[in-house]
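Accompanying notes for the structure given below.
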Amino acid sequence: MLNPYVALLMSFALCALVATIMVCASWILGPKHPTKTKLEIFETGNPPLGSLRGMRFPVKFYLTAILFIVFDIEVVFMYPWAVIFRQLGWAGLAEMAVFVAVLTVGLAYVWRVGALEWE
Amino acid sequence: MIEIPFGAAEAWAIAPFTVIALFAMGILLYETFRTDDHGPELTFWFSILGLAGAAIASLLAWDNGSVAFGGTFATDGVAVFTNLICILAAGLSLMMGVHYMELIRVRAREFQPLVLFAVSGMFIMGGARDLIVLFLGIEVMSIPAYVLAGIHRQDHASGEAALKYFLLGAFATSFLLYGIALVYGATGTTTYAGISMALSTAPHLALLGGIALLIVALGFKVGVVPFHFWAPDVYQGAPTAVTALMAVGIKAAAVVGTARLFLSGFAGMHVEWSIVLWWISVATMTLGNVVAIVQSNVKRMLAYSSVAHAGYLIAAIASGTPRGGGAILFYLLAYAFMNLGAFAVVIAVGAKDEPNEKMSDFAGLATRRPLLSGAMALFLLSLMGIPPLVGFVGKLYIIEALIAAGQVGLGVIVILNSVVSGYYYLRVIIEMFMKDATREIPALDPRPYLMVCVAIALAGTIFFGIFPDLALEAARDSFAALR
Chain A
296 MLNPYVALLM SFALCALVAT IMVCASWILG PKHPTKTKLE IFETGNPPLG
346 SLRGMRFPVK FYLTAILFIV FDIEVVFMYP WAVIFRQLGW AGLAEMAVFV
396 AVLTVGLAYV WRVGALEWE
Chain B
210 MIEIPFGAAE AWAIAPFTVI ALFAMGILLY ETFRTDDHGP ELTFWFSILG
260 LAGAAIASLL AWDNGSVAFG GTFATDGVAV FTNLICILAA GLSLMMGVHY
310 MELIRVRARE FQPLVLFAVS GMFIMGGARD LIVLFLGIEV MSIPAYVLAG
360 IHRQDHASGE AALKYFLLGA FATSFLLYGI ALVYGATGTT TYAGISMALS
410 TAPHLALLGG IALLIVALGF KVGVVPFHFW APDVYQGAPT AVTALMAVGI
460 KAAAVVGTAR LFLSGFAGMH VEWSIVLWWI SVATMTLGNV VAIVQSNVKR
510 MLAYSSVAHA GYLIAAIASG TPRGGGAILF YLLAYAFMNL GAFAVVIAVG
560 AKDEPNEKMS DFAGLATRRP LLSGAMALFL LSLMGIPPLV GFVGKLYIIE
610 ALIAAGQVGL GVIVILNSVV SGYYYLRVII EMFMKDATRE IPALDPRPYL
660 MVCVAIALAG TIFFGIFPDL ALEAARDSFA ALR
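Chains A and B are the protein sequences, given in the same order.
Mapping to the working numbering: the first sequence position 20 is 315, numbers consecutive.
Mapping to the working numbering: the second sequence position 407 is 616, numbers consecutive.
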């Protein structure tokens, strides 16, 4: 008895193997001539100003990122809903309306506590 | 056309947490949009109104026969009983919070809405008849709890508690999902009804693995040994009003969720899982009690005591009978009254910027606050299991259920552990009544809400100790009707 999913597993294993061989081969076989210019950050990047350790950066980036992730994930729920929107009919529309209403409460809260203000 | 099932059963099933979620959102919006600051009282009463509405909705929705959403959610007696315990826990925690948040100088407008959101998650856990719904309930309950643990932002211990609780909670969630995946793989379904039918034909090893992972995840939420390490730190670090909610409400919802899963979904594999729960239960109550003995901080002692009580509850699940289930519900009610009362007294002893949680801070309390000390003594005696208080009746029914199920050994261990617990409960009483105050503690201004909270807890502790039948019959019937 051979499970049909064994083929899938073998395909995964093959993919992993090929990828590993390609990366390793180019690492081993490829010529390396590091110069100072080559090791610098490419073109548009700024040269680093000191060590990253102990560097402080504004917490507002963190807050914005968190808020982005939260609302981004919520919107992801809308994609499968949109795909079967017609089959769901009015009940589906009502459910999504409730969902968006709850989301709006969250947005209103975030706005009022000042989490959206950059300065 | 895809039919979304939504009839009368569904409407009633979601009524309790719709009410509570609407109140939570309303209070949140009101708190964020108002410009003046007029204390927490008004929103507190709105929260109480929401909890009362949810209690009424739960009672109206009570229907042992019907299940909603394709059999994944029940509004049976177990769910209603759990809802009422969680409402009690949340109501008393909020009542403690009115003064306590002022005391620790926290002006968090999110406190009351977050408690209500957590309660809506507890409702989902109480009625879940499907692993996915159980997962949903755990998450809706836990995420507000993570925030609540850290709501005292100036306090490092509170932040530590929140981070620990969150990281370990997220870890437990992954265990839960792995367990659900394995059980689904073995049985082809996530509903308890489907699982119990598929048990005999399902591949044994995958099923055992799934059950083991589910025990790990639920054991974390309940706080049983060896998944209890977060509990003392989180309970001690979180603001006391939040600790009360976590130690009672969250524990109640998690225990009932576990009990329903094992007594209905996995009922056919009782032989396999009861031995695991037997050992977990013995380890939990023994470790909780023994470690509580050496604590010098009353809040931390109560944290370990709550670990020990989780052990008694797991023992009742291990009995595997509906009688054990009924004993769990009654014990949770008893535990809610006496433990919330004890935490309220801990808050009442504290002053501004002085938590006064050490054992020595309770020395000579009886001469300064005789009524408060008397109440604390009764709560502690009840936690220990002294008649005619409710804790005694609760333990009695757990032991009775264990003996009826033939687990006499476990019953004896529960009794022995109760004796051990006497040591640390009585120590607080000795400090309060037989020692002199070690230092001058300033007189406190009256705090009516806190005193009402102590009074309600005391009334419940005494009333249900003398007249247990009222709640006990309901608790037993609800689990006997469990399908």
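We put the CB at the ideal spot given by N, CA and C, even for glycine.
Please tell me whether residue i and residue j are closer than 8 angstroms, where the distance is taken between their beta carbons.
i, j, result
"Ile298(B)", "Ala551(B)", "Per the sequence presented here, residue 298(B) reads as Ala, with Ile not at that position. Cβ atoms of Ala298(B) and Ala551(B): not closer than 8 angstroms."
"Gly466(B)", "Leu408(B)", "no"
"Leu383(A)", "Ile211(B)", "yes"
"Gln200(B)", "Leu303(B)", "Residue 200(B) lies beyond the range of chain B shown here (210 to 692); nothing can be said about it."
"Val342(B)", "Thr281(B)", "yes"
"Ala610(B)", "Thr530(B)", "yes"
"Leu472(B)", "Leu691(B)", "yes"
"Arg318(B)", "Glu240(B)", "yes"
"Gly418(B)", "Leu391(B)", "yes"
"Met547(B)", "Ser591(B)", "yes"
"Met455(B)", "Val623(B)", "no"
"Tyr540(B)", "Ala525(B)", "yes"
"Val457(B)", "Ala543(B)", "no"
"Gly335(B)", "Asn292(B)", "yes"
"Trp482(B)", "Leu619(B)", "no"
"Leu522(B)", "Val464(B)", "yes"
"Gly388(B)", "Leu423(B)", "yes"
"Gly359(B)", "Ala370(B)", "yes"
"Ala366(B)", "Gly235(B)", "no"
"Phe429(B)", "Ala354(B)", "no"
"Val558(B)", "Leu580(B)", "no"
"Ile294(B)", "Ala450(B)", "no"
"Ala666(B)", "Leu549(B)", "yes"
What did DSSP end up calling residue i once you bin it into helix, strand or coil?
i, result
"Lys327(A)", "coil"
"Lys355(A)", "helix"
"Phe688(B)", "helix"
"Asn273(B)", "coil"
"Glu219(B)", "helix"
"Ala410(A)", "coil"
"Glu563(B)", "strand"
"Phe282(B)", "strand"
"Asn506(B)", "strand"
"Asp339(B)", "strand"
"Thr400(B)", "strand"
"Thr530(B)", "coil"
"Ala246(B)", "Residue identity check: residue 246(B) is Asp in the sequence provided, not Ala. Correct three-state label for Asp246(B): coil."
"Ser302(B)", "helix"
"His518(B)", "helix"
"Arg577(B)", "helix"
"Ile556(B)", "helix"
"Gln445(B)", "helix"
"Lys644(B)", "coil"
"Glu212(B)", "coil"
"Val434(B)", "coil"
"Gln321(B)", "helix"
"His365(B)", "helix"
"Ala395(B)", "helix"
"Phe676(B)", "coil"
"Thr382(B)", "helix"
"Thr670(B)", "helix"
"Pro375(A)", "helix"
Could you name the residues of chain A that residue i contacts, counting a contact when the two beta carbons are closer than 9 angstroms?
i, result
"Met350(B)", "Going along chain A, no residue has its Cβ under 9 angstroms from Met350(B), so there is no contact; the nearest lies around 17 angstroms."
Residue i versus chain A: which residues are under 7 angstroms apart at the beta carbon?
i, result
"Ile211(B)", "Ile379, Gln382 and Leu383"
Counting only Cβ pairs nearer than 9 angstroms, list the residues of chain B close to residue i.
i, result
"Gly387(A)", "Ile211 and Ile213"
Residue i versus chain B: which residues are under 8 angstroms apart at the beta carbon?
i, result
"Val400(A)", "Met234, Leu237 and Leu238"
"Val408(A)", "Thr241"
"Tyr404(A)", "Leu237, Leu238 and Thr241"
Return the Cβ separation of residue i and residue j in integer angstroms, given the expectation that the two are a contact with Cβ distance under 8 angstroms.
i, j, result
"Val324(B)", "Glu250(B)", "Rounded, the Cβ-Cβ distance is 15 angstroms, inconsistent with contact."
"Phe688(B)", "Gly534(B)", "3 angstroms"
"Met568(B)", "Arg648(B)", "Incorrect: roughly 13 angstroms between the Cβ atoms, too far for contact."
"His361(B)", "Pro448(B)", "5 angstroms"
"Ser630(B)", "Met585(B)", "Ser630(B) to Met585(B), Cβ: 16 angstroms. No contact."
"Gly330(B)", "Met350(B)", "3 angstroms"
"Ile607(B)", "Ala536(B)", "5 angstroms"
"Arg532(B)", "Val287(B)", "Their Cβ separation, rounded to whole angstroms, is 14 angstroms, which puts Arg532(B) and Val287(B) out of contact at 8 angstroms."
Kindly indicate if chain E contains any beta-carbon less than 8 angstroms away from that of residue i.
i, result
"Ser405(B)", "Here chain E cannot be found, since the structure's protein chains are A and B."
Got a sec: which bits of the region 218–241 of chain B sit with their beta carbon under 7 angstroms from any beta carbon on chain A, in order along the chain? Met234, Leu237, Leu238 and Thr241
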